[in-house]
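Asks:
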Amino acid sequence: MSETRHDWKRGEVDALFALPFTELMFQAQSVHRTHHNANAVQASQLCSIKTGGCPEDCGYCNQSAKFDTGLSASKLMAVETVVAAAEKAKAGGASRFCMGAAWREPKDRDMDALTEMVSRVKSMGLETCMTLGMLTDDQSVALKEAGLDYYNHNIDTAPEYYEKVISTRTFEDRIETLERVRASGMKVCCGGIVGMGEAAEDRTGLLMALAAMTPHPESVPINALVPVRGTPLGDLALDEDGALPGIEFARVIAVARIMMPTSMVRLSAGREKMSDETQALCYLAGANSIFIGEELLTTANPGRSRDAKLFESLGLELA
Ligand code: SAM
Ligand code: DTB
Ligand code: SF4
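Under the numbering used here, the first residue of the sequence shown carries the number 1, and numbering increases by one thereafter.
#1: What residue from Pro261, Pro20, Ala94 has the CA that sits closest to Gly293's CA?
#2: Taking the straight line between their C-alpha atoms, what separation do you get for Phe26 and Leu207?
#3: Indicate the three-state DSSP secondary structure (helix, strand or coil) for Lys90 in the structure shown.
#4: Does the ligand DTB have even one heavy atom less than 8 Å from the beta-carbon of Glu127?
#5: For Ala146, which residues in the same chain have their Cβ closer than 7 Å to its Cβ, ignoring the five residues on either side in sequence?
#6: Quick one: what does DSSP say Arg96 is sitting in, helix, strand or coil?
#7: So Thr128 is in the beta strand (DSSP E); what residue range does that whole segment cover?
#8: Strictly closer than 5 Å from CB to any heavy atom of the ligand SF4: give me those residues in the order they appear in the chain.
#9: Just the C-alpha distance for Gly11 and Glu3, rounded to the nearest angstrom, thanks.
#10: Going along the chain, which residues of its own chain have a beta-carbon closer than 6 Å to the beta-carbon of Thr168, five neighbours each way excluded?
#11: What's the gap between the Cα of Thr204 and the Cα of Ala84?
#12: What is the DSSP secondary structure of Met1, reduced to helix, strand or coil?
#13: Is any non-hydrogen atom of the ligand SAM found closer than 8 Å to the C-beta of His153, if you look at the structure I gave you?
#14: In its own chain, which residues sit with a C-beta less than 8 Å from the C-beta of Glu317, not counting the 5 before and 5 after it?
#15: Excluding sequence positions up to five away, which residues of its chain have a Cβ less than 7 Å from the Cβ of Arg229?
#16: Output yes or no for whether 9 Å exceeds the beta carbon distance between Phe249 and Ala43.
#17: On the DSSP letters alone, give me the boundaries of the beta strand (DSSP E) that Gly192 sits inside.
#18: Relative to the ligand SAM, is the shortest distance from any of its heavy atoms to the C-beta of Asn37 smaller than 8 Å?
#19: Can you give the beta carbon distance from Val226 to Gly270, rounded, assuming they're within the 8 Å contact cut?
#20: Can you look up Phe67 in the DSSP assignment and give me helix, strand or coil?
#21: Can you give the Cα-Cα distance for Leu210 and His216, rounded to whole angstroms?
#22: I need the straight-line Cα distance from Asp149 to Arg182, nearest angstrom please.
#23: So Gly52 packs on Leu24, CB below 8 Å; how close in whole Å?
#24: If you drop the 5 nearest sequence neighbours on each side, which residues of the same chain put their C-beta closer than 7 Å to that of Met111?
#25: Give me the DSSP bridge partner(s) of Ala224.
#26: Let me check you understand the geometry: is the CB of Gly303 closer than 8 Å to at least one non-hydrogen atom of the ligand DTB?
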């Protein structure tokens, strides 16, 4: 039941989504327990090293220069400021520090600062992750050589729905960067967002595209849209109450767990507005990684005390 496969058929995935909820949870738990410690959750902390002013038009994003969300843009953070944030993250229990920049792609003139951030954070005993947009071969190799463990680059949604979300780059562009990241020897963090007005078949398509990657991404973030007023998809979700119900969100986690048994599945953005009960269902469904800390990149995340209380009541521990 839990072998690693890359040839999932649409009918098989739809059939997983259509299972009675208890049956789906049972299957997901069974797969989860074959490959992972069922009560340990890995924690990453995000840091926005370059905020806002992005030239891309991702319809969900607070940081696109094309939408007026009231967010003020800033320049690339100084290395020392990033290191100080990493120290705080480590003290708060994070095992991985994930540095994000609102770029279409890094400029070559920024590479020295970026590689220094990576080597300094790595030398603190933290795993390192970056998400900077598209990469060239050379940039990918330079980051790997500096000690970058993971690169995050999400496909975001099904190939069929992609054009409804982003027009300034293609699904194929994303795949090409992911291939460069793989070729340079870094681990891949790749997932998507749900609750963007997509159809159920698009959630199937997203998971099929992720599971078709060989090997599977080591880390699969499943984000619930954080609706931001002023972004096209945020406005839509807020005005039409487009949020995915918690039970449906937990199903997405469970199907991801079954399709990608050895990957870490991250319950990512959207936890702030999620009830403790929905989060508990997601852990039951096989989520074994989260972002911790009061902030994601530009939006709120449950702070340490809410997470600590929930972990205590569920008997979960940070890995
Ligand atoms: N600019 C880079 C890029 O797009 O790859 C890196 C940063 S970007 C903010 C990283 C990811 O965050 C996006 O691919 C998207 O999946 C997720 N994200 C951004 N805004 C979000 C939102 N409002 N709700 C949920 N996920 C979001
Ligand atoms: C991912 O899949 N989710 C994170 C991380 N990768 C970079 C980002 C979530 C961003 C949520 C909106 C914000 O805070 O700006
Ligand atoms: Fe820019 Fe990334 Fe936001 Fe898209 S998701 S607008 S690329 S920061």
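Ideal placement from N, C-alpha and C gives every residue a C-beta, glycine not left out.
Please read these numbers as outputs of a predicted model, since none were measured by experiment.
Replies: Answer, in terms of the structure:
#1: Indexing the sequence shown from 1 puts residue 293 at position 293. Of the listed residues, the one whose Cα sits closest to Gly293 is Ala94.
#2: The sequence position of residue 26 within the sequence shown is 26, counting from 1. The sequence position of residue 207 within the sequence shown is 207, counting from 1. Near 19 Å, if we compare the C-alpha coordinates of Leu207 and Phe26.
#3: Numbered from its first residue, the sequence shown carries residue 90 at position 90. Three-state result, Lys90: helix.
#4: For the purposes of this step, residue 127 is identified with residue 127 of the sequence shown, where counting begins at 1. No, since every heavy atom of the ligand DTB falls outside the 8 Å radius drawn around the Cβ of Glu127.
#5: Within the sequence shown, the letter at position 146 stands for residue 146. Closer than 7 Å at the Cβ level, and outside the excluded window around Ala146, lie Thr115, Val118, Ser119.
#6: One-based indexing of the sequence shown puts residue 96 at position 96. Three-state result, Arg96: strand.
#7: As a position in the sequence shown, residue 128 is number 128, starting the count at 1. Start and end: 127-131.
#8: Cys54, Glu56, Cys58, Cys61, Gln63, Ser64, Ala102
#9: Residue mapping note: residue 11 aligns to position 11 of the sequence shown, counting from 1. Residue mapping note: residue 3 aligns to position 3 of the sequence shown, counting from 1. Cα to Cα, the separation comes out at about 18 Å.
#10: Counted from its first residue, the sequence shown places residue 168 at position 168. Within the same chain, Thr168 has close Cβ partners Glu56, Asp57.
#11: Position 204 of the sequence shown holds residue 204. Position 84 of the sequence shown holds residue 84. Spanning the two alpha carbons is a distance of roughly 40 Å.
#12: The residue given as residue 1 occupies position 1 in the sequence shown. Because Met1 carries a pLDDT of 49, less than 50, the predicted location of this residue cannot be relied on, and no value is offered for it.
#13: Position 153 of the sequence shown, counted from the start, is the residue given in the question as residue 153. Yes, Cβ of His153 sits closer than 8 Å to a heavy atom of the ligand SAM.
#14: Within the sequence shown, the letter at position 317 stands for residue 317. For Glu317, where only same-chain residues beyond five positions count, the Cβ hits under 8 Å are Asn39, Ala40, Val41, Phe311.
#15: Translated into the one-based positions of the sequence shown, residue 229 becomes position 229. The answer, listed in chain order, is Thr69, Asp235, Leu238.
#16: By one-based count along the sequence shown, residue 249 stands at place 249. By one-based count along the sequence shown, residue 43 stands at place 43. Against a cut-off of 9 Å, the Cβ pair of Ala43 and Phe249 comes out as no contact.
#17: Walking along the sequence shown from the start, residue 192 turns up at place 192. First-last of the beta strand (DSSP E) with Gly192: 192-194.
#18: Counting from 1 along the sequence shown, the entry for residue 37 is found at position 37. Asn37 Cβ: outside cutoff for every heavy atom of the ligand SAM.
#19: For the purposes of this step, residue 226 is taken as residue 226 along the sequence shown, with counting starting at 1. For the purposes of this step, residue 270 is taken as residue 270 along the sequence shown, with counting starting at 1. About 6 Å separates the two Cβ atoms, so the contact holds.
#20: Here the question's residue 67 lines up with position 67 in the sequence shown. Phe67: coil per DSSP, three-state reduction.
#21: One-based indexing of the sequence shown puts residue 210 at position 210. One-based indexing of the sequence shown puts residue 216 at position 216. Straight-line Cα distance between these residues: approximately 7 Å.
#22: Taking the first residue of the sequence shown as position 1, residue 149 is located at position 149. Taking the first residue of the sequence shown as position 1, residue 182 is located at position 182. Approximately 11 Å, taken between the alpha carbons.
#23: Counting from 1 along the sequence shown, the entry for residue 52 is found at position 52. Counting from 1 along the sequence shown, the entry for residue 24 is found at position 24. Actually they are not in contact, since the Cβ atoms of Gly52 and Leu24 sit about 39 Å apart, beyond 8 Å.
#24: What you label residue 111 is simply residue 111 of the sequence shown in a count that begins at 1. Within the same chain, Met111 has close Cβ partners Gln139, Ala142.
#25: Reading the sequence shown from its first residue, position 224 is the one you call residue 224. Partner(s): Val194.
#26: The residue you call residue 303 lines up with position 303 of the sequence shown. Every heavy atom of the ligand DTB is 8 Å or more from the Cβ of Gly303, so no.
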